[in-house]
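For the protein sequence lines, the chains are D, X, F and Y, in the order given. 1 is the number of the first residue of the first sequence in my numbering; add one for each residue after it. 1001 is the number of the first residue of the second sequence in my numbering; add one for each residue after it. 2001 is the number of the first residue of the third sequence in my numbering; add one for each residue after it. 3001 is the number of the first residue of the fourth sequence in my numbering; add one for each residue after it. Using N, Cα and C, we set each Cβ at its ideal position, and we do this for glycine too. For reference, the structure discussed in these notes is given below.
Number of protein chains: 4
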Amino acid sequence: MAEASQQTDIRREFQRIRSCTEQITEGLSAEDMVVQSMPDASPTKWHLAHTSWFFEEFLLSRFIPQYQAFDSQFRFLFNSYYEAVGQRHQRPLRGMLTRPALDTVLAYRNHVTGHLTQALETGLAEDPQFLALVELGCHHEMQHQELLLTDILSVLSVHPFHPAMKVSAQKNLAGVNQIVSTGSASRWQHFEAQTIHVGADPDHFHYDCESPRHPHLLPAFALATHPVTNGQWLEFMADGGYDKATLWLSDGWAMCQQQQWHAPLYWQCIDGLWFQFGLDGIQPVDPDAPVCHISYFEADAYASWAGARLAREQEWERAAQSHPPRGNFLERYQWRPRAGPTSSADTAQQMYGDVWEWTQSPYTAYPGFKIAEGAIGEYNGKFMCGQFVLRGGSCVTPVKQIRPSYRNFFYPHQRWQFSGMRLAKDV
Amino acid sequence: MAEASQQTDIRREFQRIRSCTEQITEGLSAEDMVVQSMPDASPTKWHLAHTSWFFEEFLLSRFIPQYQAFDSQFRFLFNSYYEAVGQRHQRPLRGMLTRPALDTVLAYRNHVTGHLTQALETGLAEDPQFLALVELGCHHEMQHQELLLTDILSVLSVHPFHPAMKVSAQKNLAGVNQIVSTGSASRWQHFEAQTIHVGADPDHFHYDCESPRHPHLLPAFALATHPVTNGQWLEFMADGGYDKATLWLSDGWAMCQQQQWHAPLYWQCIDGLWFQFGLDGIQPVDPDAPVCHISYFEADAYASWAGARLAREQEWERAAQSHPPRGNFLERYQWRPRAGPTSSADTAQQMYGDVWEWTQSPYTAYPGFKIAEGAIGEYNGKFMCGQFVLRGGSCVTPVKQIRPSYRNFFYPHQRWQFSGMRLAKDV
Amino acid sequence: MAEASQQTDIRREFQRIRSCTEQITEGLSAEDMVVQSMPDASPTKWHLAHTSWFFEEFLLSRFIPQYQAFDSQFRFLFNSYYEAVGQRHQRPLRGMLTRPALDTVLAYRNHVTGHLTQALETGLAEDPQFLALVELGCHHEMQHQELLLTDILSVLSVHPFHPAMKVSAQKNLAGVNQIVSTGSASRWQHFEAQTIHVGADPDHFHYDCESPRHPHLLPAFALATHPVTNGQWLEFMADGGYDKATLWLSDGWAMCQQQQWHAPLYWQCIDGLWFQFGLDGIQPVDPDAPVCHISYFEADAYASWAGARLAREQEWERAAQSHPPRGNFLERYQWRPRAGPTSSADTAQQMYGDVWEWTQSPYTAYPGFKIAEGAIGEYNGKFMCGQFVLRGGSCVTPVKQIRPSYRNFFYPHQRWQFSGMRLAKDV
Amino acid sequence: MAEASQQTDIRREFQRIRSCTEQITEGLSAEDMVVQSMPDASPTKWHLAHTSWFFEEFLLSRFIPQYQAFDSQFRFLFNSYYEAVGQRHQRPLRGMLTRPALDTVLAYRNHVTGHLTQALETGLAEDPQFLALVELGCHHEMQHQELLLTDILSVLSVHPFHPAMKVSAQKNLAGVNQIVSTGSASRWQHFEAQTIHVGADPDHFHYDCESPRHPHLLPAFALATHPVTNGQWLEFMADGGYDKATLWLSDGWAMCQQQQWHAPLYWQCIDGLWFQFGLDGIQPVDPDAPVCHISYFEADAYASWAGARLAREQEWERAAQSHPPRGNFLERYQWRPRAGPTSSADTAQQMYGDVWEWTQSPYTAYPGFKIAEGAIGEYNGKFMCGQFVLRGGSCVTPVKQIRPSYRNFFYPHQRWQFSGMRLAKDV
C-alpha cells in the first residue's frame, strides 16, 4: 500500500511540475517564445522542449526498449550541453529555431508526459535507478521554470517598449512618486567559531555538487539580518559607488566601465525617479525590497563601500540551516522581490526567496566530490571554473527546488538572474 | 473619363501590390516571421509593417490632416533609416520585436490599405505630388517583396534542417544524380564604340539615382550572351578558383579566407554531389542555371580566371535597351534561377530575371545628380559609397520593378541576394 | 655620349632617392623605428627594408645570375603584399620584428644600393626592361618616403606625450593665441563641357592604373580655387557638422558615431583653443592652411553642408593639366600644410602639395586597363574595390612622384594620410 | 652593531636585486626591449622603469621631503595598476612607448638606486615602515624579474624566426633525435587527514594574501611525487587528449577549440619531432622534464584523463612545508625546466623551481584577510576573482621570492607563464 501510494505521489508530482511549466507560459504568444535575446538566454519554446528531451533522452529512450522518439531530430536540437550524448545545436543560435512550431513542441511535451506517466504505472516504478532519474528530471525541470521566466524577462527587456508579461496594477508612470521606505534597518547576527557540516543530507534529493557532506572549520562571523535593499543601493549610487575604482575588483571595474553600468540591470531613471522593469512591467523601485539583478562585481563593490564583505557559502549555509525554506518563491506569483516583514529580532530574515544571494565562494568541488559516470556527470562538474555560488532562491524559484545546501552558480559579470546580496563580516 | 479611369488604375495597382505582399508570405507562421537571421536581413513581420509605415508616414500623415496614426509607436519601430523622420529602432534588433503581434501588423496593413484606398477616391487623387508618392510607395513595396523573400531564405537557411518555404517536388536527396548540362555555351555579342544615353526616361517612374539621363562615351566591348552558369562555376571550383590568391581582389581574398568560402552561399556538398538550398528546399545544382548567391568578390575572381571582366553598368544598360524586361521574375513563382532557353543567336539572353548581375561599376552619382529635399532624399544618395551596381532583377523581383535603367546596389562581400554575373571584355 | 650621360643620370637619381630615405629618418632612434601603431601603418625600419627588398627581389635576384641575397629570410619578412612572390609576414605583426636590428637593415640598404649601382655600370644599364624596373623601384621608394613619414606621425601620436619628430619653433602652448585668418576666400573657377583626355602621357613614367589615356566626356563644372581651410572647417564644426546625420553618408555617419569623431585626426582642444599634432609637434591650428587628416566621410559631409560636392577625378585632372606640379612638397621640409599665397585670380591654387584632395571617384580601372603579368601586376589592380581616389600630393610627398594623372587611393574611413579636400559643383 | 650590520645587509640586498634585473637583460637590444607582444605582457623597458617607479612613488616621494622626481611624467607612464596613485598609461599600449629611450630608463634606474641607497644611510634606515616598504619593493622587483623573462620570451616567440635570448648549445634541428626518457615514474605520497596551519609565518616577509595564518581541516589525500613530465604529456596528446570534450571543463573546451590548442604553448612539431621554444631557443622536448606553458584548462583535462585531480593549495602547502625552497630557479641560469634527479623515495620531488604548479584552488581571501589601506592595498586583493593559485616557483623565479606559503595566481586560459602541474587524489 505504502509503495503504491508513493508511486502515485511521484506520478502526481511529475505531472504537477510538467503542467506548472506550461502554466507559467500562459499569456505568451508563439512569437514571444521563439526569440532569443542574448547567447546566455534561451527561448521559451526551447525550454519547453529541452525539459521534455531530458526525460526522453535519459529515461524513455534508455529504459523502454520499444520507445519511439517523438522526432529523432530533437535529439540534436534540444540537447543543451551534454557532450556524451552527441552533436547538438549551438546555444547562441537557439533563437533561429522557427521550427518545430510551438504547437509541435506542446505536442512533444504531451507525448513525453504521457509516456512517462504510463511508465510510472509499470514495473519501472519500482526501479530505483529509474525513479532517481525521474526525480532528477523533475528538479531539472524546476530549474528551467526559473530560467524560463528569467530569460523571457530578458526578451521583453530588449523590446524598446518593455511590455509586461504579467497583468499587474501597472502605475501611470507620469504621476507616480518614489515610494518611501518604511522598513527597519539591517542588523548583525553573530555566529561563534565552530566546525560545522556542509553539504546535502545524503538521504534526500540533491545535486552531486552538494556532496559529500563534510566537516568545515568555520571561524566566528556576523551576517546581516536582511538582504541589501534598493534603498541602500540608492545610497551607494548617490555616493558615487559606480565611479570609484578603488571599491571594485580589477575585473569588475573594467566591466563596469566597458558596459557603462550606473545602476542594476533593468533599472531606468524617468524624470528623476528610479524604476525597475520586471515581469509585471515597469514599476517604481521599492526602497525596502531587496536589490535585484546585480552582478557579483557590483555586490563586491557594494560590500567594500559598506566596509563589509560578502558571506562565504558555508557561512550562509550555517545560518540557513535553522530556517525552513519559506519565502517569496515562484508559487506566490509575485515574480518580483518584495520588502520583508518588519522584525526586531536579530536573526536572519528573507534567507529564502526574493533574490539569490551572491557569496564570495567560487563554485568548486567539495572535498571528496566525484563526477558521476556518463552524461549525467556533465550536470555540474564541468562548470567548476570562474563562477561564484549563490544561495537561497528567488521570487521565480520553485519552492521545492530549494534547500539549505542548494548551490546555484553564475559568472561574476552576469546580471540577468534574480541576484542580490547580503553582507557579512569578520568578528 | 480618362482621368477617372487612371485613378481607378492607380487604386487597383496599389491594392494589387499590397495584396501580393501578403500572398507571398502565405505558409509562413508567426514564428517564421519574427526571427532575424543576421543584421543585414529583416524579419518578414518587419517588412510587412515597414511598407505600411512608408505609406502612413509619407502620405496619410502628411496629406490627410485628420488622419490618426494606427499606433504612434510604429513611427519609431518601423522607420528603416530616415534620419529626417526622427529616432528609430536599431536594425540589428529588429528580431527582438515580439510585439506588435503578427495579427496586429496585419490589421495595420489593412488600416493603411483602407485609408489610402479611400484617399485615392478623394481630391487627393488629382494631386500630382500625392500620386507621385503613391507610385514611389508602390515601387518601394515591390522592392520589399524581393527583400522579404531574400531574407526569409536566410532565416530558413540558418535552421539546422533547412526547411523549405515553398512546396516543391523535393527530391529524395539520397537517390539523386547530379543533373547533366544540356545547354549551349555562351558566346560574345559585340558592340561598337558609341556615345550612348544612360539613365532613366524622365517621363516614367524611376528612382533619383537613375537620373539625370546623360550622354556617356562608351568604347567598343563584347558582352557574354548568357550569365555564368552553375556548370561553369563548378569548373572554376574544380580548377582551384577559391584557393588562388592571385585571381582575387585584395579585400576579396581576405574575405574569402576569413569566411572560408569554397562555393556560393547556400551550396552544400552531400556525398560528393552539389546542392543549393532555396525557397523550394535543397535541390541539386542545375549546371545550366545561372550561378546565384555569389559576392562581387567571387564574381570578380571568376572573371579573372576566365580571362575576362565584369561589365560596366553602362555597357549592360546599352545591351539591355533593346530587350523588353521579360524573364523569370517573382510572378512565375519559381523563386529559383532557371536554365534559359537554348538559342544560337549571338544576342544577350536572360538579361532580365533569374539573377541580378554584378557590374564592375561602383554605385555613384550620375553627373548632375541632385538629392531630393527632405526624408525622401535619403532614399538612395546616402548609400553611394562602397557598393557596386547590379542590374536586371532576379527570380524574386516583381517584374514591374524592372527597367533597363534600374540600379540595384550591394556591398561586395554580400551574398544573400539573388546575385549572379555575366562576363564582358574589351575588344 | 647621350646614353652614357643618361645612365649616369639614372644612377645618380637612384642614389639620391635612396639617400633621401635615410636622411628623412634622421633623429629617429632604433626604438622609434621598430614600433607599429596600428595595422594600417608600418614601422620605419620595415619601410627601410621593404624598399630595399623591392630592388633585390625584382632586379638583383632576377637579372644578376650570381647575385647572393643579403639574407634569404628577408624575402619572407619584407614582401608587402605580392602573392606571386610567395609566403610573407603578416602586416599587423610588422611591429614584432625586433630582428633584424636597425643596423642590419641599414647594412642591407647599403648592400642593395651598392649592388644596384654596380649593375647600372654594366650592360644592364642598356636593358630597357631593367631600366624600367629601376625607375619603378625609384618611384616605389618615393611612395614609401611619404608613407614612412605618415606612419611615424601615427607612432608619435599614440605616445601619450606626443613627441615631435622634427625640431621646430614649438610654441609654449600655454601662452598661445589662436591664429587669426588673413587669407582671401575661395572662389569658383568655371569649366565648360568638353571631351578631354584623361590618364598618363604614355611616354613618361606612370603607374598602370593611370593608363590607358582615354577620352572622357566631361560636363560643365566649377572648382573651388582653394582647398577647404582649417578656418572653414572650424565653421563646420561650430555649426554642428559632426552631429547632423543628414549631412553624412550612411556608412560615414555610422563610423563618425562609432569612432566619436568631433574634429580631424590629430586635432586637440586645449583650454578652448584648437591645436593639431604634426611631425613638428603640437601647433596651433592655422585657419588659412588647408584642413588635413580628414576621412572621405568627413569630406563628403562637409561638401553637403557647404551645398557643394567633391570633385570627380577627371574634373580635378582637367583643372590640374595647366599647372606645373609645384608646391609644398616633402623637399621643403615643412611637413605640415601651409596657407597658400593670397591671390585674386580665379584659377585654382594649391592643386599640388600641402594635402591630398579626396575626389568622389571610386578607384576603378580606366576603360581598357590591363593588369601586368606577374608580381608587378599586383601593384595596383587588386586594390580597385572600396577605395576613393585622391589627387595632387601632400607636404610629405616627394615632388618627383607627382603628375596631373597621378592617382592615390585610400578607404573612405582612413584619416592618417595627409588628406584634405576641395569643393566642386555642377553649373 | 647588529643594527648597523642589518642596515648594511638591506642596502646590499637592495643593490644586488637592482643589479640582477639589469644583468638578466644583457644581450637584449633597445629594439627588443620596447616591443609588446600582447596586452598581458609588458616590454622589458617598461619593467625596468616600473620597478624603479615603485621605489620612487612609495618611498622616495613619500619619505624624503626634498626629493625631486626624475621625470614627473613617469608617474603616469610607469604606474601599473594603482588606481589610488592616479591616472596612468593603458596597459595594452605599453608597447607604444618609444620614449623615454632605453638610455633614459637606465639613467632613471641609477637615479632611483642611488637615492634609495643614500636614504638607507640616513635615519630612515631605522624607520620600520620605510624598511618594510624597501623589503616590499625588493620582492616586487624580484616578481618583475620573472615577468620580464616571461614576457621577453613571448616577444621572441612572435618573431617568425624565433630568435634565442640566451646563448646555448643550440642543436642543429635537422639532425636531432627525440630524446629518450631515462626517468623514474611518479609515485604517490600519502598524507593523513589533519588540521594544519595554512599561510605565512607572520614574522617573515610575505604578501598580504598569504595571511592570516589560519587552521584548515585537511582530509586525507595523496600527492604525486613528481610534476607531470613532457613524456606523460606526449601520451596524453597521443591518446587524443586535446580532442575529447568530456575530459575538459566547459570553458576550457570552448577555449581549446577557439584557440586550436594541440600542444603546450611554444611547442612545435618539426618533421614529426616535438620541440619547445624557450629563452635558449628551439630545443627538443625532454620527456623527463616537467611539462611547461600549459593553461589551467589543460592541466585540469590532463588530470581527468589520468583519473586524478589537481592538488588544492592547502594540500600543496602541507607537502611543501617539510622541504626547503631549493631547486632550478632563476639563479641557475637554466631558464628552462629540467628533469629532476632520479629517486626512489616516496616523497615529493621538485616542489620548488622548474615550473609553477597549478592548483585547483581559486585565488580567494583567507579567512580574516584584510586589505591594507592606501595604494599598497591594491597589490593583491583586487585580483581575487577568476584566477587560480599556482605554487612553488619556476626556473625563472628568483629563489628568495619563494616560500611554502607563496601564492601566485593567473587566469585559467593563460599559458605564457612557466606553468606546469602535479597530480593529486583523494584516498
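- Y:Gly-3307 to Y:Asp-3346 span [Cα, whole Å]: Within the fourth sequence, numbered from 1, the residue matching residue 3307 of chain Y stands at position 307. Within the fourth sequence, numbered from 1, the residue matching residue 3346 of chain Y stands at position 346. Rounded to the nearest angstrom, the two C-alpha atoms are 20 Å apart.
- Message: Buried or exposed for Y:Gln-3036, going by 16 or more other Cβ atoms inside 10 Å?
- Response: Numbered from its first residue, the fourth sequence carries residue 3036 of chain Y at position 36. Y:Gln-3036 comes out buried.
- Item | Cβ-Cβ separation, X:Leu-1310 to X:Met-1439 (assumed contact under 8 Å), whole Å | Residue 1439 of chain X is absent from the structure shown; chain X starts at 1001 and stops at 1427.
- Task: Compute the Euclidean distance between the alpha carbons of D:Arg-18 and D:Thr-117, then round it to the nearest angstrom.
- Result: Here residue 18 of chain D is taken as the residue at index 18 of the first sequence, counted from 1. Here residue 117 of chain D is taken as the residue at index 117 of the first sequence, counted from 1. Near 11 Å, if we compare the C-alpha coordinates of D:Thr-117 and D:Arg-18.
- Query: Looking at the C-beta of F:Phe-2409, does it have a partner C-beta in chain X at a distance below 8 Å?
  - Reply: Position 409 of the third sequence, counted from the first residue, corresponds to residue 2409 of chain F. Cβ-Cβ to chain X under 8 Å: no for F:Phe-2409.
- Message: Under 8 Å, Cβ to Cβ, is there at least one residue of chain D near Y:Pro-3362?
- Response: For the purposes of this step, residue 3362 of chain Y is taken as residue 362 along the fourth sequence, with counting starting at 1. Yes, Y:Pro-3362 lies at the interface with chain D (some Cβ there is under 8 Å from its Cβ).
- Best match in Y:Glu-3235, Y:Glu-3083, Y:Asp-3103 and Y:Ala-3220 for proximity to Y:Trp-3274 [C-alpha to C-alpha]: Translated into the one-based positions of the fourth sequence, residue 3274 of chain Y becomes position 274. Ranking the options by Cα distance to Y:Trp-3274, first place goes to Y:Glu-3235.
- Taking the Cβ atom as the reference point for each residue, do Y:Gly-3137 and Y:Phe-3205 lie within a distance shorter than 8 Å? Residue mapping note: residue 3137 of chain Y aligns to position 137 of the fourth sequence, counting from 1. Residue mapping note: residue 3205 of chain Y aligns to position 205 of the fourth sequence, counting from 1. Not a contact, by the Cβ cut-off of 8 Å.
- Item | Pair within 8 Å by beta-carbon distance, Y:Gln-3145 and Y:Leu-3330 | Indexing the fourth sequence from 1 puts residue 3145 of chain Y at position 145. Indexing the fourth sequence from 1 puts residue 3330 of chain Y at position 330. Going by C-beta atoms, Y:Gln-3145 is nearer than 8 Å to Y:Leu-3330.
- Anticipated Cβ contact below 8 Å, F:Val-2396 with F:Trp-2335, distance rounded: Counted from its first residue, the third sequence places residue 2396 of chain F at position 396. Counted from its first residue, the third sequence places residue 2335 of chain F at position 335. At roughly 6 Å, the Cβ-Cβ gap stays under 8 Å, so F:Val-2396 and F:Trp-2335 are in contact.
- Message: What residue range does the alpha helix (DSSP H) around F:Asn-2110 cover?
- Response: As a working mapping, residue 2110 of chain F is identified with position 110 in the third sequence. Element bounds for F:Asn-2110: 2102 to 2119.
- F:Met-2421 by DSSP, collapsed to three states: which one? Here residue 2421 of chain F refers to the residue found at position 421 when the third sequence is read from its first residue. Three-state result, F:Met-2421: strand.
- Determine the direct distance from the alpha carbon of X:Ala-1372 to that of F:Tyr-2411, and round the result to whole angstroms. Locating residue 2411 of chain F in the third sequence gives position 411, counting from the first residue. Locating residue 1372 of chain X in the second sequence gives position 372, counting from the first residue. The alpha-carbon atoms of F:Tyr-2411 and X:Ala-1372 are separated by roughly 27 Å.
- Going by CA-CA distance only, name the one from D:Gln-260, D:Trp-356 and D:Arg-312 that's closest to D:Gln-401. The residue given as residue 401 of chain D occupies position 401 in the first sequence. Among D:Gln-260, D:Trp-356 and D:Arg-312, the Cα nearest to that of D:Gln-401 belongs to D:Trp-356.
- Query: Taking 8 Å as the CB-CB limit, is D:Pro-163 close to chain X?
  - Reply: Translated into the one-based positions of the first sequence, residue 163 of chain D becomes position 163. With 8 Å as the cut-off, D:Pro-163 counts as an interface residue toward chain X.
- Query: By Cβ distance below 7 Å, which residues in the same chain neighbour F:Tyr-2207 in space, the five residues on each side in sequence not counted?
  - Reply: Taking the third sequence and counting its residues from 1, the one referred to as residue 2207 of chain F is at position 207. Only Tyr-2379 and Asn-2380 meet the Cβ criterion.
- Query: Can you name the residues that DSSP bridges to D:Thr-229?
  - Reply: Within the first sequence, numbered from 1, the residue matching residue 229 of chain D stands at position 229. Paired residues: D:Pro-290.
- Task: Quick one: which residues of the region 58 to 87 of chain D get their C-beta closer than 8 Å to a C-beta of chain Y? List them in chain order.
- Result: Tyr-81, Glu-83 and Ala-84
- Message: Check this for me: beta carbons of Y:Leu-3097 and F:His-2159, under 8 Å apart or not?
- Response: Within the fourth sequence, numbered from 1, the residue matching residue 3097 of chain Y stands at position 97. Within the third sequence, numbered from 1, the residue matching residue 2159 of chain F stands at position 159. Cβ distance < 8 Å, so Y:Leu-3097 and F:His-2159 count as in contact.
- Any heavy atom of the ligand ADP closer than 7 Å to the CB of Y:His-3204? Absence of the ligand ADP from the depicted structure is noted, as is the absence of any ligand whatsoever, leaving it without description.
- Query: When you check each C-beta in the region 1234 to 1262 of chain X against every C-beta of chain F, which residues fall closer than 9 Å?
  - Reply: Lys-1244, Ala-1245, Thr-1246, Trp-1248, Leu-1249, Ser-1250, Asp-1251, Gly-1252 and Trp-1253
- Would you kindly work out how many angstroms separate the C-alpha atoms of F:His-2089 and F:Ala-2200, rounded to a whole number? Working through the third sequence from its first residue, we reach residue 2089 of chain F at position 89. Working through the third sequence from its first residue, we reach residue 2200 of chain F at position 200. Between F:His-2089 and F:Ala-2200, the C-alpha separation is close to 34 Å.
- Task: Mind the definition here: the region 1222 to 1234 of chain X touches the region 2212 to 2229 of chain F only if three or more C-beta pairs lie below 8 Å; say whether that holds.
- Result: no
- Message: Please give the ranges of any beta strand (DSSP E) in the region 2275 to 2362 of chain F, keeping only runs that are unbroken, at least 3 residues long and fully inside the region.
- Response: 2281 to 2284 and 2356 to 2362
- Item | Secondary structure of D:Asn-125, DSSP reduced to three states | For the purposes of this step, residue 125 of chain D is taken as residue 125 along the first sequence, with counting starting at 1. Note that residue 125 of chain D is Ala in the sequence shown, not Asn. DSSP places D:Ala-125 in helix when its eight states are reduced to three.
- Message: Tell me the rounded alpha-carbon separation between X:Gln-1170 and X:Phe-1161.
- Response: If you number the second sequence from 1, residue 1170 of chain X lands on position 170. If you number the second sequence from 1, residue 1161 of chain X lands on position 161. Summary for X:Gln-1170: the model assigns pLDDT 48, below 50, so the residue's position carries little reliability, and this model does not support an answer.
- Task: Report the option in D:Asp-127, D:Arg-91, D:Ser-52 and D:Ala-125 whose CA atom is closest to the CA atom of D:Asn-110.
- Result: The residue labelled residue 110 of chain D in the question sits at position 110 within the first sequence. Comparing Cα-Cα distances from D:Asn-110 to each of D:Asp-127, D:Arg-91, D:Ser-52 and D:Ala-125, the minimum goes to D:Ser-52.
- Task: Could you pull the start and end residues of the alpha helix (DSSP H) that Y:Cys-3269 belongs to?
- Result: Numbered from its first residue, the fourth sequence carries residue 3269 of chain Y at position 269. Not the alpha helix (DSSP H): Y:Cys-3269 falls in the beta strand (DSSP E), residues 3267 to 3270.
- Query: Taking the alpha carbon of F:Tyr-2406 as the point to measure from, which residue in F:Gln-2414, F:Phe-2418, F:Gly-2240 and F:Gly-2393 has its own alpha carbon closest?
  - Reply: The residue labelled residue 2406 of chain F in the question sits at position 406 within the third sequence. Comparing Cα positions, the closest option is F:Gly-2393.
- Message: Considering only the alpha carbon of each residue, which of F:Gln-2314, F:Gly-2353, F:Gly-2377 and F:Pro-2325 lies closest to F:Thr-2359?
- Response: In the third sequence, residue 2359 of chain F corresponds to position 359, counting from 1. The shortest C-alpha separation from F:Thr-2359 is found at F:Gln-2314.
- Query: Apart from the five residues just before and just after D:Glu-83, which ones in its own chain have a Cβ nearer than 7 Å to its Cβ?
  - Reply: One-based indexing of the first sequence puts residue 83 of chain D at position 83. Glu-378, listed in sequence order.
- Short Cβ contact (8 Å threshold) for X:Gln-1246 with X:Leu-1217: As a working note, residue 1246 of chain X is residue 246 in the second sequence. As a working note, residue 1217 of chain X is residue 217 in the second sequence. The sequence given here has Thr at residue 1246 of chain X, not Gln. In this structure, X:Leu-1217 does not lie closer than 8 Å to X:Thr-1246 by Cβ.
- Query: Where do the N-terminal and C-terminal ends of the alpha helix (DSSP H) with Y:Arg-3088 fall, by residue?
  - Reply: Sequence index remark: in the fourth sequence, residue 3088 of chain Y carries index 88 (1-based). No alpha helix (DSSP H) holds Y:Arg-3088; DSSP gives it neither H nor E.
- Using a Cβ-Cβ cut-off of 8 Å, state whether D:Leu-106 counts as contacting chain X. Within the first sequence, the letter at position 106 stands for residue 106 of chain D. No, D:Leu-106 does not count as interfacial toward chain X.
- Task: Closer than 7 Å by beta-carbon distance: list the chain F residues that pair up with X:Lys-1425, in chain order.
- Result: Residue 1425 of chain X sits at position 425 when you count from the first residue of the second sequence. Simply none; closest approach about 11 Å.
- For D:Gln-194, which three-state DSSP category applies? Start at 1 with the first residue of the first sequence, and residue 194 of chain D comes out as number 194. Here D:Gln-194 sits in strand by DSSP.
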